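Worksheet for the structure shown next.
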Amino acid sequence: MNAPKVPLSQRAMGAIEGVPGALHLEWLNEPQLEAATNLAGPMLVLAGAGTGKTRALISRIAELIHKRAARSNEILAVTFTNKAAREMKDRVSQYPVNLAGGMPWMGTFHSICVKLLRRHAELVGLKSNFTILDTDDQNRLLKQLIVAANIDEKRWPARLLSGVIDNWKNRAWTPETLPSSEAQAFNGRGPELYAQYQERLKTLNACDFGDLLLHMVTIFQKHDDILAKYQSWFKYILVDEYQDTNVAQYLWLRLLAAGHKNLCCVGDDDQSIYGWRGAEVGNILRFEKDFSGAKVVRLEQNYRSTAHILAAASGVIAGNSDRLGKELWTEAEGGEKVRLIGHWDGDEEARWVGEEIEAMQSGTRGRAGMSLDDMAILVRASHQMRAFEDRFLTIGLPYRVIGGPRFYERLEIRDAMAYFRLAVSQDDDLAFERIVNTPRRGLGDKAIQTINMLARSNGVSMVEGARIAIETGAIKGKGGKGLAELVSNLDRWAAILHMQSLPELSEDAVIDGTSDLGLPIADLPADAPQTHIELAEVILDESGYTTMWLNDKTPEAPGRLENLKELVKALESFENLQGFLEHVSLIMDNDTDDAEQKVTIMTLHAAKGLEYPAVFLPGWEDGLFPSQRSMDESGLKGLEEERRLAYVGITRAEEVCTISFAANRRVYGQWQSQLPSRFVDELPEAHVEVLTAPGLYGGGYGGASGDYGGSPLQDRAARADAYNSPGWKRMQAQADRRSKSSHSNAKGLVIDATAVSSFTQGDRVFHTKFGYGTVMGIEGDKLDIEFDKAGAKKVVAKFIVPAAQAGDAPF
DNA sequence: CTGACCTTGTTTTTT
DNA sequence: ACAAGGTCAG
Numbered sequence: 001m002n003a004p005k006v007p008l009s010q011r012a013m014g015a016i017e018g019v020p021g022a023l024h025l026e027w028l029n030e031p032q033l034e035a036a037t038n039l040a041g042p043m044l045v046l047a048g049a050g051t052g053k054t055r056a057l058i059s060r061i062a063e064l065i066h067k068r069a070a071r072s073n074e075i076l077a078v079t080f081t082n083k084a085a086r087e088m089k090d091r092v093s094q095y096p097v098n099l100a101g102g103m104p105w106m107g108t109f110h111s112i113c114v115k116l117l118r119r120h121a122e123l124v125g126l127k128s129n130f131t132i133l134d135t136d137d138q139n140r141l142l143k144q145l146i147v148a149a150n151i152d153e154k155r156w157p158a159r160l161l162s163g164v165i166d167n168w169k170n171r172a173w174t175p176e177t178l179p180s181s182e183a184q185a186f187n188g189r190g191p192e193l194y195a196q197y198q199e200r201l202k203t204l205n206a207c208d209f210g211d212l213l214l215h216m217v218t219i220f221q222k223h224d225d226i227l228a229k230y231q232s233w234f235k236y237i238l239v240d241e242y243q244d245t246n247v248a249q250y251l252w253l254r255l256l257a258a259g260h261k262n263l264c265c266v267g268d269d270d271q272s273i274y275g276w277r278g279a280e281v282g283n284i285l286r287f288e289k290d291f292s293g294a295k296v297v298r299l300e301q302n303y304r305s306t307a308h309i310l311a312a313a314s315g316v317i318a319g320n321s322d323r324l325g326k327e328l329w330t331e332a333e334g335g336e337k338v339r340l341i342g343h344w345d346g347d348e349e350a351r352w353v354g355e356e357i358e359a360m361q362s363g364t365r366g367r368a369g370m371s372l373d374d375m376a377i378l379v380r381a382s383h384q385m386r387a388f389e390d391r392f393l394t395i396g397l398p399y400r401v402i403g404g405p406r407f408y409e410r411l412e413i414r415d416a417m418a419y420f421r422l423a424v425s426q427d428d429d430l431a432f433e434r435i436v437n438t439p440r441r442g443l444g445d446k447a448i449q450t451i452n453m454l455a456r457s458n459g460v461s462m463v464e465g466a467r468i469a470i471e472t473g474a475i476k477g478k479g480g481k482g483l484a485e486l487v488s489n490l491d492r493w494a495a496i497l498h499m500q501s502l503p504e505l506s507e508d509a510v511i512d513g514t515s516d517l518g519l520p521i522a523d524l525p526a527d528a529p530q531t532h533i534e535l536a537e538v539i540l541d542e543s544g545y546t547t548m549w550l551n552d553k554t555p556e557a558p559g560r561l562e563n564l565k566e567l568v569k570a571l572e573s574f575e576n577l578q579g580f581l582e583h584v585s586l587i588m589d590n591d592t593d594d595a596e597q598k599v600t601i602m603t604l605h606a607a608k609g610l611e612y613p614a615v616f617l618p619g620w621e622d623g624l625f626p627s628q629r630s631m632d633e634s635g636l637k638g639l640e641e642e643r644r645l646a647y648v649g650i651t652r653a654e655e656v657c658t659i660s661f662a663a664n665r666r667v668y669g670q671w672q673s674q675l676p677s678r679f680v681d682e683l684p685e686a687h688v689e690v691l692t693a694p695g696l697y698g699g700g701y702g703g704a705s706g707d708y709g710g711s712p713l714q715d716r717a718a719r720a721d722a723y724n725s726p727g728w729k730r731m732q733a734q735a736d737r738r739s740k741s742s743h744s745n746a747k748g749l750v751i752d753a754t755a756v757s758s759f760t761q762g763d764r765v766f767h768t769k770f771g772y773g774t775v776m777g778i779e780g781d782k783l784d785i786e787f788d789k790a791g792a793k794k795v796v797a798k799f800i801v802p803a804a805q806a807g808d809a810p811f
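Sequential numbering of the first sequence, starting at 1, is according to UniProt numbering.
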């Protein structure tokens, strides 16, 4: 096979990158050109994976500026991720167009809405310095409301309610406009709690993610003058990843574009993978109806992948109904088929991938060596990453995880941020509750309740409530002392912050002994921190927070201190604390562009929009991918979204795409036998090559599994390539039957009567990996078995044979 | 009020 | 398997 020496994408289009010149419109293909140059009126660009939609989009922006259709800052370009926005900004500023009119508005829906909402916050009962809550704050707030409403929080957890409310907000339903069909939500208490929640947010001067859009839609709907202003300001609107818009975003766009209708939406219905988050593929399907006379352009020439990869992806996605229908094609020839390999278990899969990556890196097998940066492992669920991380750590293979536990979601970072938030605004009750007893100040539930009561009955914030508690002696002793110290610290930090932000007022303030916020500054030290960075250090120091971790003996303490240092360092790129806090609430990604070459591990969702020469797609097993939960919750619709996810995964690959699955995997700490994903069956055979992992199954490894209790021979048999094994076709036939019948079965669980009926509780059985055992229980098509050596496992019945057949000695 | 122990749910996916 | 939350003794 002739692996191309230059990645396909570069062969076909890369020249553009290097050559400065005019607008490069001549480098666009016919439909791309159409998308970039038909400037007026509504346009829908249906762009398949790897067809150069970003190029078309950027060229369109350049063309708008070049043709003086609008000043550059009258163009609005909306993306879904910060990464996409950043990339767009970079590429636009590299284009040789006159940006004297200012940068176009480019950002995510959310970041653009924050900008707008800060200007008009009072119209929805907020101050312009409102804070943005993250999901954790949101849940804690909801929990308080649930408990206050006398609802059993165990049965009706805050997470559930937050999901319900998010959904409503995605549909642009306010408590006032909530349709009666929703009355029964959350045990009938949803609507009332939603209203309470929104009220509470107002008093906290805060909003959640959904509010950013919802409030702007509300403002646009209720204030014609404001809407008109923005309608005439934003002369051209472009939207990337349009298939991911939810109803609120759709309304927002429709309102803004209602006047001139210069709305260009780029999307791919086959890559809609955020339905669970409220995205409506319907938005893309109804575009032509809503904007009559819309031009529709299809980008179908793929510049990214080999023909085999493209064909495999097309074969899989063909299983979906309700597609707008595109036929991707490529001029590329040759290339490797999609590679498929079965493994015994997840650990072995990780081991094989590790070795394969090393092999690709050193460039054996007639293929040129590849950089680790050119390889990615794309998983369905983040817990799959662990096996790879473990394995790569042991063999010393450098990797980076994208979208793992996010930096700003870490405990210590959130604590530190809570302190910063309180320095900025003492009204932030959620932040106060978070740190009031961190580090320990002897303030438990009871003290917090007292403070809360005092705050409520006086209609003030909790910090004020704490003040009252100290003055009235409601909280005394150790806790009282700690609380008094905290409050005076908060005051001092606020005063310092205030002096930093308003230096011109500080003289007056010094004269009458208070800042104009009425905060005492008399005891400010002469060497008060001059910058927000110093202030941040002082806060972490004086609060005792740093000390707390210094004294902590747990193994993760040093790492946490590191993270705190990193947090302070991150402040350097911001002018002040406020700006930083806003950044953090919106930019939740932690891209680390380090120089070292590394393999990338990430979820399929995170991979959308990216491409790699070599892509590994592990864990293609029914229940894991497609995810059982997705199918249970959304049935066929869920399955189709999973299939789109598979399509996204395959189309990330430029040259080599390797799909794998394992027969056994640990789920919730228990071994479970797995069946290959139904998507494996959907791969067109002509474009798939089945691998057998030479050198791994052969000599040398037989002993590694000796402790499973199976004979070496049986072990070898189990390790033989599952795809070519005699049982494969039969297994596939069974899997097919399962998947077909499970569509009508809400649980997706089908009882394989023949398999199960042959066992009853107490039977002695044999399994190739776990050896002999006794059946303890039967659940659907799975058996609970207590294995003699391997302990309790859940195993699909078809992998079990009666012990007598395997030659088990009777007891 | 704190810390040790036990129970429980968790593994989709993210602005 | 593991983390987060709850329970209970000091």
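Using N, Cα and C, we set each Cβ at its ideal position, and we do this for glycine too.
Given the structure is predicted, the values throughout are model-derived calculations rather than measurements.
May I ask you to report which of helix, strand or coil DSSP gives residue i?
i, result
"GLU655", "strand"
"PRO42", "coil"
"PHE661", "strand"
"TRP105", "strand"
"TRP156", "coil"
"ALA797", "helix"
"ASN745", "Only weak support exists for where ASN745 lies, its pLDDT of 31 falling under 50; the coordinates are left without a value."
"PRO676", "strand"
"VAL756", "Bear in mind that the predicted position of VAL756 carries a pLDDT of just 43, short of 50, making it unreliable; the figure below should be weighed with that in mind. Note: VAL756 maps to helix in three-state DSSP."
"ASN246", "strand"
"ILE273", "coil"
"LYS740", "Because the pLDDT at LYS740 is just 40, under 50, the model does not fix this residue reliably, and the value given afterwards should be weighed accordingly. Here LYS740 sits in helix by DSSP."
"ILE539", "helix"
"SER573", "helix"
"ILE226", "helix"
"GLY635", "helix"
"ALA718", "In this predicted model, ALA718 has a pLDDT of only 34, less than 50, meaning its place in the structure is not dependable enough to derive any value."
"GLN628", "helix"
"GLN670", "strand"
"ALA686", "helix"
Could you say which of the options lies nearest to residue i if we only look at CA atoms?
i, options, result
"residue 814", "LYS289, GLU355 and THR203", "Since the displayed the chain opens at 1 and closes at 811, residue 814 lies outside it and no answer follows."
"TRP233", "GLU74, LEU116 and LYS143", "GLU74"
"LYS326", "GLY50, PRO104, LEU212 and GLU358", "GLY50"
"ALA423", "ILE475, ALA149 and VAL538", "VAL538"
"LYS337", "THR760, GLU689, GLY762 and ILE785", "GLU689"
"PRO96", "ILE58, GLY267 and ASN82", "ILE58"
"LEU486", "ALA474, SER501 and ARG467", "ARG467"
"residue 843", "ARG678, THR546, LEU624 and GLY579", "The chain is shown only over 1 to 811; residue 843 falls outside these bounds and no answer can be derived."
"THR651", "GLU542, LEU328 and PRO802", "LEU328"
Just curious, the alpha helix (DSSP H) that residue i is in, first and last residue?
i, result
"MET462", "462-472"
"LYS53", "53-66"
"PRO31", "30-37"
"ILE451", "445-458"
"LYS481", "477-501"
"ALA195", "190-203"
In the DSSP assignment, find the beta strand (DSSP E) that holds residue i and state where it starts and stops.
i, result
"SER585", "Unbroken run through SER585 is the alpha helix (DSSP H), 577-586; no beta strand (DSSP E)."
"LYS295", "295-299"
"HIS767", "764-767"
Report the CB separation of residue i from residue j in whole angstroms; it is logged as a contact under 8 Å.
i, j, result
"ALA418", "ARG434", "4 Å"
"PRO175", "GLN198", "6 Å"
"ASP427", "SER457", "The Cβ separation is near 17 Å, so there is no contact."
"LYS793", "TRP671", "5 Å"
"ARG386", "LEU581", "Not a contact, Cβ separation roughly 32 Å."
field: Secondary structure, alpha helix (DSSP H): runs of 4+ residues fully inside the segment 594-620
entry: 604-607
message: Quick check on the DSSP output: what are the complete alpha helix (DSSP H) runs of length 4 or more inside the segment 322-388, in order along the chain?
response: 346-362, all fully within the segment 322-388.
task: Go through the segment 111-163 residue by residue and report every complete run of the alpha helix (DSSP H) that reaches 4 residues or more, in order.
output: 135-148
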